[in-house]
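Protein chains: 2
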Amino acid sequence: MRKVAVIGLGRFGVSVAKRLAASGVQVIAMDRNGQLVNEIKDDVDLAVRADSTDQQALLSQNIDNVDVAVVSIGENFEAALLTTVILKQLGVPEVVCRAQTEFHAEIFRKIGADRVIQPESESGQSLARQLANPQLVDFIRLADGFTLLEFHAPASFCGKSILSLALRSKYDVNLVVIRRAVEVQQSGQSRSIVKTVVPKPDDVIEPDDILVVVGSDTALSKLPRE
Amino acid sequence: MRKVAVIGLGRFGVSVAKRLAASGVQVIAMDRNGQLVNEIKDDVDLAVRADSTDQQALLSQNIDNVDVAVVSIGENFEAALLTTVILKQLGVPEVVCRAQTEFHAEIFRKIGADRVIQPESESGQSLARQLANPQLVDFIRLADGFTLLEFHAPASFCGKSILSLALRSKYDVNLVVIRRAVEVQQSGQSRSIVKTVVPKPDDVIEPDDILVVVGSDTALSKLPRE
Ligand SMILES: Nc1ncnc2c1ncn2[C@@H]1O[C@H](COP(=O)(O)OP(=O)(O)OP(=O)(O)O)[C@@H](O)[C@H]1O
Ligand SMILES: Nc1ncnc2c1ncn2[C@@H]1O[C@H](COP(=O)(O)OP(=O)(O)OP(=O)(O)O)[C@@H](O)[C@H]1O
Chain A
163 MRKVAVIGLG RFGVSVAKRL AASGVQVIAM DRNGQLVNEI KDDVDLAVRA DSTDQQALLS
223 QNIDNVDVAV VSIGENFEAA LLTTVILKQL GVPEVVCRAQ TEFHAEIFRK IGADRVIQPE
283 SESGQSLARQ LANPQLVDFI RLADGFTLLE FHAPASFCGK SILSLALRSK YDVNLVVIRR
343 AVEVQQSGQS RSIVKTVVPK PDDVIEPDDI LVVVGSDTAL SKLPRE
Chain B
163 MRKVAVIGLG RFGVSVAKRL AASGVQVIAM DRNGQLVNEI KDDVDLAVRA DSTDQQALLS
223 QNIDNVDVAV VSIGENFEAA LLTTVILKQL GVPEVVCRAQ TEFHAEIFRK IGADRVIQPE
283 SESGQSLARQ LANPQLVDFI RLADGFTLLE FHAPASFCGK SILSLALRSK YDVNLVVIRR
343 AVEVQQSGQS RSIVKTVVPK PDDVIEPDDI LVVVGSDTAL SKLPRE
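Here it is, written out as structure tokens:
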């Protein structure tokens, strides 16, 4: 079972730790602030009060045995750097660091961080993407620059069959599923529920359909939006 | 053309403003700190130094005519609240507020924010989702009993074209992407990397291909495994 250490229980660290634990990953949460450790202990497998720049403290908690360590120490940049260096020296396969700016991010990479996250910048870009594409419902990053994207069917697609749209050859995207509102009769009343449909070649796109597609960001940006 | 105002040029605000401008949206960036306004003026349509709690200042910049206003004032919570209230009074259709905590988020919603973003919490969940699923695909958004499954291409599929396999009509599953090992030449050495491919109708399945498919659990259980 995947074992992840989250060091630094600010808003970012707490969010990572709780969400990981909820997904069935084994989580060790660490902070030098005892109160924060206390607040999270019911949500994770192990909550430890310790100074992460102390190699002994890390070893005594078997942090060297985790698959991933997330270093989410914010303002204390030196502590974050030192913790990262120690973790790589202890052989932790993947170390993810939260950085305040691109400058900080560069330094984390140079000292061995496998991945660097800038929350404000990431979620700023995520919001911008949604505001620029109001039909966007959700998207998920897949590996290798591929994204899974949900958006309202553009008017130009409606009434056309999946086959005739030829999304793969025209746009290099794959239509994964369609979410469609359908009328259901339930105890004498008609109500609308959303059904997930695996699109067949002869299926016709309806207005209000939500299309779930996969493709590279470049390919997705070429899809019609209106 | 979509017109968005970004008020507060911290890391989040700058990220939203620049990414929006790059997507072809008309952006007005505002901050009371002249230096920040100066730093962004080449990246947006209009960069204004002003106090956003001053209704006159907002009106003189036609902020009441934007489609969306993003209030990304961080530490100055009262200013963020007041700005939000003014924007809704001026009739801005959509006001998005950046909140520091769930408590702040609640208050923004109560005073009329249409949307509230908590960057640290959002990107923490996004990282957790990726760490919990190293192949980076999320099954939860494909609700309604649909699952995304990755499996080695069965021998019976190899050498066949995607079109001839007719997965959708035969098995009621959708082939999302194929992960395929390819040889790459890098500085005189040949190495193998895994590429993610959007399958085209004429593509032929190769041995060792990993097929990523979507379908109901029942449908997936009927796929050949050998
Ligand atoms: N040497 C250390 N060992 C363990 N924990 C530490 C150490 N130094 C700082 N921390 C912890 O890191 C946590 C996060 O730090 P801080 O709150 O500065 O980060 P932040 O990036 O502002 O957080 P947020 O995720 O809320 O934006 C704090 O709870 C702090 O106690
Ligand atoms: N009344 C105001 N009018 C205009 N701008 C303001 C006002 N009050 C604060 N600001 C600006 O809001 C900006 C963002 O605030 P601050 O840096 O506190 O936010 P933050 O949330 O910490 O930012 P980040 O996005 O980097 O996390 C600052 O540049 C500040 O000058």
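Sequence lines, in order, name chains A and B.
Following the working numbering, the numbering of the first sequence begins with 163 at its first residue and continues without gaps.
Following the working numbering, the numbering of the second sequence begins with 163 at its first residue and continues without gaps.
We treat Cβ as the ideally placed atom computed from N, Cα and C, and that holds for glycine.
Taking A:Val366 as reference, the option from A:Asn200, A:Gly350, A:Ala317 and A:Val335 with the minimal CA-CA separation is A:Ala317. The Cβ atoms of B:Val176 and B:Val189 lie no closer than 8 Å to each other.
Sixteen is the threshold: when 16 or more other Cβ atoms of the shown chains lie within 10 Å of the Cβ of B:Pro361, as they do, the residue is buried. Per DSSP, reduced to three states, the secondary structure at A:Gln347 is strand. Bounds of the beta strand (DSSP E) holding A:Val376 are Ile372 to Ser378. Close CB contacts of B:Thr263 within its chain, under the 8 Å cut and outside five residues either way in sequence, are with Gln280 (chain order).
Under the DSSP assignment, A:Leu385 falls outside any alpha helix (DSSP H); it carries neither an H nor an E label. Relative to the Cα of A:Ala261, the nearest Cα in the group B:Asp379, B:Leu327, B:Gly286 and B:Val206 belongs to B:Gly286.
Any Cβ of chain A closer than 8 Å to the Cβ of B:Leu385 would place that residue at the interface, and such an atom is absent. With a cut-off of 7 Å, the C-beta of B:Thr263 is classified as distant from ligand 2, since no heavy atom of the ligand falls inside that distance.
Secondary structure note for B:Ala179: it is in no beta strand (DSSP E), and the uninterrupted alpha helix (DSSP H) holding it is Arg173 to Ala184. Counting only runs that start and end inside the region 184-220 of chain A, the beta strand (DSSP E) elements of at least 3 residues fall at 188-193 and 208-211. In this structure, the beta-carbon distance from A:Val338 to B:Val346 does not fall below 8 Å.
Between B:Val258 and B:Val232 a beta carbon distance of about 5 Å is seen, short of the 8 Å cut, so the two are scored as contacting. A Cβ-Cβ separation of about 11 Å leaves A:Arg342 out of contact with A:Val374 under the 8 Å criterion. The nearest non-hydrogen atom of ligand 2 is 7 Å or more from the C-beta of A:Leu373. For B:Glu284, the uninterrupted alpha helix (DSSP H) run begins and ends at Pro281 to Ala294, by DSSP.
At least one heavy atom of ligand 2 is found less than 7 Å from the C-beta of B:Gly236. For B:Lys272, the uninterrupted alpha helix (DSSP H) segment begins and ends at Glu264 to Lys272. At least one CB of chain B lies nearer than 8 Å to the CB of A:Lys362. DSSP places B:Val166 within a strand segment (E or B) once states are collapsed to three.
In terms of side-chain proximity, the C-beta atom of A:Ile169 is found nearer than 7 Å to a non-hydrogen atom of ligand 1. Taking 7 Å as the cut-off, one finds no heavy atom of ligand 2 near enough to the beta carbon of A:Asn200. Nearest to A:Val356 by alpha-carbon distance, out of A:Gly350, A:Ile372, A:Pro363 and A:Ser349, is A:Ile372.
Here DSSP, grouped into helix, strand and coil, assigns B:Asn224 to coil. For A:Asn336, the chain B residues whose Cβ falls inside 9 Å of its Cβ are Asn336, Leu337, Val338, Val339, Val360 and Pro361, in order along the chain. If only uninterrupted beta strand (DSSP E) runs of at least 3 residues are considered, those enclosed by the region 231-264 of chain A are 256-260. Annotation for B:Lys165: Gln188, Val228 and Asp229 place their beta carbon closer than 6 Å to its own, counting only its chain and skipping 5 residues before and after. For B:Arg194, the distance from the CB to the nearest heavy atom of ligand 2 is below 7 Å. Contact annotation for A:Gln287 against chain B: Ser177 and Arg181 [CB-CB distance below 7 Å, chain order]. The Cβ atoms of B:Thr246 and B:Ala275 lie closer than 8 Å to each other. The C-beta of B:Ser326 has fewer than 16 other C-beta atoms within 10 Å across all chains shown, which makes the residue exposed.
The beta-carbon of B:Ser222 is placed no less than 8 Å from the nearest beta-carbon of chain A. If the five residues before and after B:Arg211 are omitted, its C-beta is found closer than 6 Å to the C-beta atoms of Gly196 and Val199, all from its own chain and listed in chain order. Taken from the Cβ of A:Thr215, at least one heavy atom of ligand 1 lies inside 7 Å. Looking at the DSSP output, A:Phe319 bridges to nothing.
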